[in-house]
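Trainee:
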Amino acid sequence: MVVRTRFKHFPFRAKGAVSLFFDDELLDLVTRQPVGMIFLDIDTKTEAKARSLWGGHIDLQRALDEVRLVAGCSILAVQTVSTHVFIAVQFIVPDGNLSTRLYEAAIHLHQDLVASFTQVSADTSENVRFHFGTTVIRPDGRMNPTDLVYEGMVRALIAAKSDDNTNHRTRQVALVDIISRGRIKPVYQPIVSLWTGEAFGYEALSRTPEHSEFASPNQLFDFAEREGQLEALEEVALRSAILHYQPLHQGQKLFLNINTSMFFGDHAAIEQVFSVLEHRALKPYDIVLELTERRGIDDFIAFRKAVQRYRQKGYLIAIDDAGAGYSSLQTIAEVQPDFIKIDRSLVAGVHMDKTKEALLKALCHATLACDSRVIAEGIETYEELVSVTELGVPYGQGYCLGRPAAEPAAISEQARAHIRRAMTSDKAHVHVTTTIGDIAQPTKTFGPTVKASEIVNFFNQNDQVTGVVVVDEQSHPLGLVMREKLFRKLATKYGVSLFWNREIDQVMDHQPLVLDESVSVENASVLSMTRNADTLYDLIIVTRDGKLTGASSIQLILSSITNAQLELARDANPLTGLPGNRRIDVELSRRISSDDGFCIFYIDLDHFKWFNDAFGFQKGDQMIRCLAEVLKEVVHNAPVHEAFVGHIGGDDFIVVTEPGYHRELAAAIQAQFTQEVHRLLPNSSERLWHIRSRSGEMIESEGLTLSISILVCEPPHATQSLEVLSAYAGVLKQMAKDGGGNKIVCENVRNFA
């Protein structure tokens, strides 16, 4: 191996040369504990000049005393070759932040060398610069000692290559100051449950100190990585994030970004960070380790074992930026994380991009295979929020839901309202107005510190109770205990000994399905059935503003849907299957009683009597069914969220949506229906038909077309009623039909007053 550098010479052209410069003591030690390596170089015009400096003008021994003091080490060996010096050190206490201690010692060494040269050198006309690089060589059973030392020397030399200007030295000093003084500031951005509208947890993000040499956290972490100080900086960031975390209520997860390289080699640094949890009343299951790949993972077997070690302790695992950078499908398959964070690139503009919508929907289904849940990152608009919610994405994060702040903040009422609207809506148009809150039943609750034995006694005294909910003092749900699962744990060989006297928060399910009371039973059914086989029949916890209101079983949900569908079937139009007049009245009454604006579309086939007479009743029924399918398809694909499609009777249909897209929607319905008519009647587009109008006159017409009248209803709706709206709609319908129809007429209800 030949290392190409800007240095004049590199004395170790082959690994075998290591034994010529370092004795067996070093080679033996590196197999048992970490060894530090410092590389020094003098950048001069001639090699002879460099040798004279090392030989007489620089007090290297005095400088090495500073290294011993700062790094807490002893000097194993010092080898000077040409313009280079390699220093091998043994750490007195071989744990903790070794790389930072060595790095800081090298900076002191550099400063001493510069000072020594300035004081004794008479030749100030020559520009002499010192370069250094450091690395910690850690034991690795897969490599022999010679290879370990050789690669360490190469890493130290390469680290020195970047040392070429004053700004770099200034940044090195600033980095050491940030690490040694713990000057990383954490901020917390909410990760929101799109099933409840409440903060599920918070991701800890790092901010640089004010007036720092680093303009952004990315610059700081990139520089630390180049300097071999990434793990040390991440340790400081993790510790600060844990120490300053103050959740709004118990059970809100803390997401911690951890580079995958932290899981290789010595785990002591991570263990020391997590020891802080004991003093913060945080448990491992309150922490989500968000794995970030700055570089690809080479050894997935070793990585999976390392991650599993922390999973067994109760920590949850997330994969960051899936779909971007190094975050590959292999990482997901190997790690099988609890959460998969979808990169912003797949979320941006998802409401306008059918490909992204299909990918997100597919990812949500695919994650079921590895028992994971999706978190959509970078949600910046309410349109994106509503779209990902309707697609079934369980969690979201982005500026639309909350910006990073020094203290965890609650979710805005506006964001929660959009989530509730999306979860209440039904894009399938088989509309059931029942919500999960309507069927939820009261449930027994316990605090997190109650012993498992107490809950066992409760179950024994209440045979009909299948599960209980664990809540905090403010009634926020923390977990779920199902009778059958608790008894199954106790029935194992050492079950009673292990669990009987444990606090229930160590035994309960920490991730039950929690839904806001506004979620429709259809959506609740879909979300319930996406759970894995072991939790499929667990209770669904129901909340209002994040606090427990009750619970529902899957049986209750399915029974409610079945009854509602039977009711709809009795009222549905037999030709199209769409809701009929009674259901239409219920929908309009619901809209009138709400505080939101809405639009009523009345869609009527023009010249339908003529068409029936000319083509027969069978073709007429075909066209009515065709129009029904067009309405459902166009409304489904439109950017509207609370849409209702009904069949008044005959050739009259109704659509109810929120305002804002009504004109575009009407035009799309007309265009799509025209295409379908031309497809079913190929010759109809090539001629005009002579048709008798409503007034009895013969007119020329394109044949079967649509008249659409739109009534825009803005709140307050105090003066509006079904009768009033029906009268206004009649006026608009006549306006749309005048002159042969094929028109779109729109009017605001206020203009009728």
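The sequence shown begins at 744 in our numbering and counts up one residue at a time. All C-beta atoms, glycine included, are put in the ideal place defined by N, C-alpha and C.
1. For the beta strand (DSSP E) holding T1400, just list the boundary residues, first then last.
2. With the cut-off set at 8 Å, would you say I1283 and L1311 are in Cβ contact?
3. Mapping DSSP to helix, strand and coil, what is K1194?
4. Please go through the segment 864-948 and give each complete beta strand (DSSP E) segment of 3 or more residues, from N-terminal end onward.
5. In three-state terms, what does DSSP make of E1120?
6. Under 6 Å Cβ to Cβ from H851, same chain only, skipping five residues before and after it: list those, please.
7. Kindly indicate the opening and closing residues of the beta strand (DSSP E) around G1392.
8. Report whether the distance from the Cβ of D1288 to the nearest heavy atom of the ligand MG is below 7 Å.
9. Are the beta-carbon atoms of V879 and L841 separated by less than 8 Å?
10. Are there 16 or more other CB atoms within 10 angstroms of the CB of P929, so buried, or fewer, so exposed?
11. Per the DSSP calculation, N1002 is bridged to which residue(s)?
12. Let me check one thing: in DSSP terms, what residues is S1115 bridge-paired to?
13. Judging by CA-CA distance, which residue of G1363, V1214, R1493 and A1472 is the nearest neighbour of G1289?
14. Assuming A1153 and A947 are in contact, meaning their beta carbons sit under 8 Å apart, how far apart are those beta carbons, in whole angstroms?
15. Taking 8 Å as the cut-off, does the segment 1126-1145 touch the segment 1210-1229 (at least 3 CB pairs, one atom from each stretch)?
16. Run through DSSP, which three-state label would F782 get?
17. Which residues in the same chain as H1405 place their Cβ atom closer than 8 Å to its Cβ, once the five residues preceding and following it in sequence are excluded?
18. By how many angstroms is the C-alpha of V892 removed from the C-alpha of S780?
19. To the nearest whole angstrom, what separates the beta carbons of V1208 and F1189, a pair I think is in contact under 8 Å?
20. Short check: CB of T1177 to CB of V1269, under 8 Å?
21. Between the alpha carbons of V1239 and L1233, how many angstroms are there, rounded?
22. Could you give the uninterrupted runs of the alpha helix (DSSP H) lying entirely in the segment 1210-1256, keeping only those of 4 residues or more?
23. Assign E1127 to one of three DSSP states: helix, strand, or coil.
24. By Cβ distance, which residues of its chain are closer than 6 Å to A1381, with the 5 residues on each side in sequence left out?
25. Applying the criterion that 16 or more other CB atoms from any shown protein chain within 10 Å of the CB defines a buried residue, is R756 buried or exposed?
26. Mind checking which residues open and close the alpha helix (DSSP H) that includes Y1404?
27. Round the Cβ separation of L1465 and D1338 to the nearest angstrom and send it over; I've been treating them as touching at under 8 Å.
28. Return the chain-ordered list of same chain residues with a C-beta closer than 7 Å to the C-beta of V1093, the five sequence neighbours on each side being excluded.
29. Using CA atoms only, rank isn't needed, just tell me which of A1076, D1063, F1495 and V1078 is closest to D1086.
30. Hey, out of E1150, G1139 and P1151, whose CA is closest to R1159's CA?
31. What's the gap between the Cα of T1286 and the Cα of F834?
32. Can you grab the Cα-Cα spacing for the pair W938 / A899, in whole Å?
33. Measuring CB to CB, does R914 end up less than 8 Å from P952?
34. For T1110, count neighbouring C-beta atoms within 10 Å of its own C-beta (all shown protein chains included) and say buried if the count is 16 or more, exposed if not.
35. Mind checking who R950 pairs with in its DSSP beta bridge?
36. Helix or strand or just coil, what does DSSP make of Y1138?
Mentor: Reading from the atomic positions:
1. D1395 to T1400
2. no
3. strand
4. 872-880 and 928-936
5. coil
6. E809 and V813
7. F1387 to G1392
8. In terms of ligand content, the structure shown is empty, and the ligand MG therefore cannot be addressed.
9. yes
10. buried
11. T1035
12. S1115 is not bridged to any residue.
13. V1214
14. Rounded, the Cβ-Cβ distance is 17 Å, inconsistent with contact.
15. no
16. strand
17. C1342, F1344, I1453, V1455 and C1489
18. In the sequence as displayed, the identity of residue 780 is Met instead of Ser. Each residue's Cα considered, the two are about 9 Å apart.
19. Not confirmed; about 12 Å, so no contact.
20. no
21. 5 Å
22. 1226-1233 and 1238-1242
23. helix
24. L1408
25. Residue placement at R756 cannot be trusted, given a pLDDT of 49 that sits under 50; the coordinates are not used to answer.
26. Note, Y1404: premise wrong, no alpha helix (DSSP H); not H, not E.
27. Not confirmed; about 18 Å, so no contact.
28. K1099, E1100, L1103, E1127, S1130 and V1131
29. D1063
30. G1139
31. 55 Å
32. 51 Å
33. no
34. buried
35. K928
36. strand
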